[in-house]
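Number of protein chains: 2
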Amino acid sequence: MTSLKDHTTAGSGRVVISVDAMGGDRGPATVVAGIADSAAKNPELDFILHGPEPELAKLVAKKGIQDRVQIRHAENVVNMTDKPSQVMRNGKGTSMWSTLESVRNGEAKVAVSCGNTGALMALSMIRLRKLPGVDRPAIAILWPSRNPQGFNVMLDVGADIRADAQDLLQYALMGASYARNALDLPRPRVGLLNVGTEEHKGRAELHEAWKLIDARKDDGMYDFVGFVEGGDIPGKACDVIVTDGFTGNIALKTGEGTASLIGDLLKEAFAYSPLSRIASLLALTSLKRLKKRIDPRRVNGGVFLGLNGTVVKSHGAADATGIAAAVKLAYELARSGFGDRLAARVASAAELAQDTPNQKD
Amino acid sequence: MTSLKDHTTAGSGRVVISVDAMGGDRGPATVVAGIADSAAKNPELDFILHGPEPELAKLVAKKGIQDRVQIRHAENVVNMTDKPSQVMRNGKGTSMWSTLESVRNGEAKVAVSCGNTGALMALSMIRLRKLPGVDRPAIAILWPSRNPQGFNVMLDVGADIRADAQDLLQYALMGASYARNALDLPRPRVGLLNVGTEEHKGRAELHEAWKLIDARKDDGMYDFVGFVEGGDIPGKACDVIVTDGFTGNIALKTGEGTASLIGDLLKEAFAYSPLSRIASLLALTSLKRLKKRIDPRRVNGGVFLGLNGTVVKSHGAADATGIAAAVKLAYELARSGFGDRLAARVASAAELAQDTPNQKD
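So the sequence lines, in the order shown, correspond to chains G and A.
Under the numbering used here, the first residue of the first sequence is numbered 5, with each subsequent residue one higher.
Under the numbering used here, the first residue of the second sequence is numbered 5, with each subsequent residue one higher.
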């Protein structure tokens, strides 16, 4: 195996992603298949892969990507049922810990894991630490939408079940920064999720957050559209939807579940009669286009925001296509220097007291 | 116009529904078109219709349903932007107030309105009053699902943004009762919405509610499957999803928004090329079947539970098909004697202290 450090230190334009081979529902072969796809598509991409060396070496050799992958041996695996508190105490020696270590020591720009979300967030917090000025890191995802950019950003979708008004302001700042970098929107429109758009609706902390987010729109470089509703998550009223992790997680899973039910009913509808089976053959290209647009695997990857380093959480059930999508997102964020920009943005927010407008990021 | 009172007191098997003609986005002509559809389909159905008499009389005559509809004049209308507190003070003389009055005085079994939800709930609480033992009434809806019955019940979807553990227990009891009557499930399976199915996940009040709901499953005549996630709302893990009104409202609107986005993308996909347009013609029957299955208009109608009387809240934007669906739901609930059964169920729950198992409803 080549030393990837040479690549990174040489400033050759290569991008190194640290990938956890373990902890996903489909095992390391799927992860290796995913990174092999990514490696083929992005010639400047290299990987540090974490997990049991003998097994990973075989899988990597089978895909013929030995020169793009450096393997870091890790004996243990964080399971889906492990509690975050246990993993924080006993996580050393796991592939997840090792994956974050490569970001912590600067060898890789971004980490990717499809392991246990709670454990990954807990380990990320103790190993990478929170950015100064951030109380609760958040998980942001891209959601298919009616907007021209095709996706909206929503956060938090489950890093923390609580969020006070200050946390929601930080989510607005971080989400806007993410939308600028991932969706190329110079001045994203931020909406605060509530049960109605009228100002008197909803919980007290939302009214407080409304004022904070509105007051910071200029130095945060976003527009604030005020309260938005669940229907606006896939809509075009705003580009960034801000909410607490309890509500965001349930909205995300409700949307996924609804899309999946409709997909299955559509399949049933087309299998119903000989005529409809012919129709489905004729419509195959159209349906594939639709599926590509709303396929959750294509937008696989929640991003942990608010840490010293970027972590992409892939869906636990991701297949090779899903893993490749998560790696692609990691690659784009690494290449754009997103991590540094976000840190600068949050730092400037922490200097709120001085009220100095700051236009970078 | 005939006196509908004769019908009800005569015990002729006729069912009288009180309908608010005003307050919907599309105006009274749509409401009258909807009840005309319902009247044609259900010969034993009669209506008391509330709103400005001269206008309504014309619309009713145009549809030729004068002998099925009694008009109650009401000068004023509750608007979508009116605050519930204002309506509670000044609502007398509105069509909404009058609509509830017919249920309050026993002339009609169930009320239907497509007006402002907050105002309708506020007026329902002061005019019909809460059932003894109920602290927070809830709005329950039917959600297309993978279960054999085709729908799941979810509550609360927005009556109250707060719910403590005791409220969630009442929602479980009321939701199970509704599922028994509306979906014909003798022993519905209840799930408590959370961000994960593991017992340690989520907020403290959910852990408390878990214990309360589990303890009451036998006298509540339901099974308790424990915590469920957003993906289970359209799923088959349970039949009744219990949550607070903030989370439920956002989940509902997220699901509706996602379904609507997919529907539009599907139309686009089929309009894309001549071949796909031919395909869509061939697939028309299949697609219509699918649309009927997931069309929100077909399951239009949130039901207010926990009051002395049943109120069906139709979507504000409902067209005639949507109004007819809400009336159909009202009709079925009136005919099954649901209101009395629910009252008995909640009363038996209020006697929890005695721990007397009670098997009726």
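In this text, a Cβ means the ideal position worked out from N, Cα and C, and glycines have one as well.
None of these values were measured; they are calculated from a predicted model.
Nearest to residue i (by Cα), restricted to the options the options
i: residue 248/G; options: 140/G, 93/G, 160/G; result: 160/G
i: residue 367/A; options: 237/A, 227/A, 58/A; result: Residue numbering for chain A in the displayed model covers 5 to 365; residue 367/A lies beyond these limits and cannot be assessed.
i: residue 229/G; options: 325/G, 98/G, 191/G; result: 191/G
i: residue 210/G; options: 218/G, 196/G, 219/G; result: 196/G
i: residue 172/A; options: 109/A, 245/A, 44/A; result: 245/A
i: residue 35/G; options: 349/G, 325/G, 337/G; result: 325/G
i: residue 350/G; options: 330/G, 294/G, 225/G; result: 225/G
i: residue 51/A; options: 83/A, 112/A, 79/A; result: 112/A
i: residue 25/A; options: 355/A, 331/A, 353/A, 45/A; result: 331/A
i: residue 29/A; options: 130/A, 87/A, 83/A, 216/A; result: 83/A
i: residue 337/A; options: 188/A, 217/A, 289/A; result: 188/A
i: residue 294/A; options: 267/G, 203/G, 327/G; result: 267/G
i: residue 240/A; options: 289/A, 38/A, 147/A; result: 147/A
i: residue 355/A; options: 281/A, 149/A, 220/A; result: 220/A
i: residue 167/G; options: 307/G, 218/G, 138/G; result: 138/G
i: residue 222/G; options: 86/G, 203/G, 67/G, 352/G; result: 352/G
i: residue 262/A; options: 289/G, 149/G, 99/G; result: 149/G
i: residue 305/A; options: 105/A, 333/A, 109/A, 87/A; result: 333/A
Neighbourhood of residue i by C-beta distance below 6 angstroms, restricted to the same chain and skipping five residues each side
i: residue 163/G; result: 125, 141, 142, 143, 249
i: residue 185/A; result: 340, 342
i: residue 7/G; result: With a pLDDT of 42 at residue 7/G, under the threshold of 50, the predicted position of this residue should be treated as unreliable, though the coordinate-derived value follows. None.
i: residue 69/G; result: 40, 43
i: residue 102/G; result: 54, 76, 78
i: residue 9/G; result: Low confidence applies to residue 9/G: its pLDDT is 38, below 50, so where it sits in the model is not reliable, and the reading given next is rough at best. Excluding residues within five positions, none has a Cβ falling inside 6 angstroms.
i: residue 216/G; result: 169, 173
i: residue 5/A; result: For residue 5/A, the pLDDT reaches just 41, beneath the cut-off of 50, and the residue's location in the model is therefore unreliable, although a value from the coordinates is still provided. The residues are 74.
Anticipated Cβ contact below 8 angstroms, residue i with residue j, distance rounded
i: residue 60/A; j: residue 32/A; result: 6 angstroms
i: residue 81/A; j: residue 27/A; result: 6 angstroms
i: residue 227/G; j: residue 151/G; result: No, residue 227/G and residue 151/G are not in contact; Cβ-Cβ is about 13 angstroms, not under 8 angstroms.
i: residue 116/A; j: residue 23/A; result: 5 angstroms
i: residue 95/G; j: residue 79/G; result: Wrong, their Cβ atoms sit about 12 angstroms apart, outside the cutoff.
i: residue 205/A; j: residue 231/A; result: 7 angstroms
i: residue 4/A; j: residue 165/G; result: Any question about residue 4/A goes unanswered here, given that chain A covers just 5 to 365.
i: residue 291/G; j: residue 322/A; result: Rounded, the Cβ-Cβ distance is 30 angstroms, inconsistent with contact.
Sequence-distant residues of its chain with Cβ nearer than 7 angstroms to residue i (five each side left out)
i: residue 57/G; result: 75, 77
i: residue 269/G; result: none
i: residue 253/A; result: 161, 162
i: residue 179/A; result: 144, 157, 159, 194, 244, 246
i: residue 213/A; result: 169, 172, 173, 196
i: residue 181/G; result: 345, 346, 349, 365
i: residue 359/A; result: Unreliable positioning characterises residue 359/A in this predicted model, as indicated by a pLDDT of 47, which lies under 50. A coordinate reading is not provided.
i: residue 362/A; result: With a pLDDT of only 43 at residue 362/A, under 50, the local geometry of the prediction cannot be trusted, and no value is derived from it.
i: residue 281/G; result: 274, 275
8 angstroms Cβ shell around residue i - same chain, five flanking residues per side excluded
i: residue 233/G; result: 197, 198, 199, 200, 201
i: residue 64/A; result: 36, 53, 70, 73, 75
i: residue 335/A; result: 19, 21, 42, 46, 49, 114
i: residue 130/G; result: 92
i: residue 251/A; result: 197
i: residue 256/G; result: 145, 147, 158, 161, 162
i: residue 203/A; result: 211, 214, 230, 231
Counterpart residues of residue i in DSSP-defined beta bridges
i: residue 148/G; result: 155/G
i: residue 98/A; result: 80/A
i: residue 314/G; result: 114/G
i: residue 307/A; result: 144/A, 316/A
i: residue 52/G; result: 22/G, 74/G
i: residue 227/A; result: 193/A
i: residue 245/A; result: 158/A, 195/A
i: residue 232/G; result: 197/G
i: residue 134/G; result: 311/G
Interface flag, residue i vs chain D, CB-CB below 8 angstroms
i: residue 156/A; result: This model lacks chain D altogether, as its protein chains are G and A.
Do the segment 128-144 of chain G and the segment 303-321 of chain G meet, that is, are 3 or more Cβ pairs less than 8 angstroms apart?
Yes, the segment 128-144 of chain G touches the segment 303-321 of chain G.
Can we say the segment 112-130 of chain A touches the segment 84-91 of chain A, given the rule of at least three CB pairs closer than 8 angstroms?
With the rule of 3 Cβ pairs closer than 8 angstroms, the segment 112-130 of chain A counts as touching the segment 84-91 of chain A.
Check whether the segment 317-334 of chain G and the segment 110-121 of chain G touch, using three or more Cβ-Cβ pairs below 8 angstroms as the test.
As far as the Cβ criterion goes, the segment 317-334 of chain G touches the segment 110-121 of chain G, which means the pair count is three or higher.
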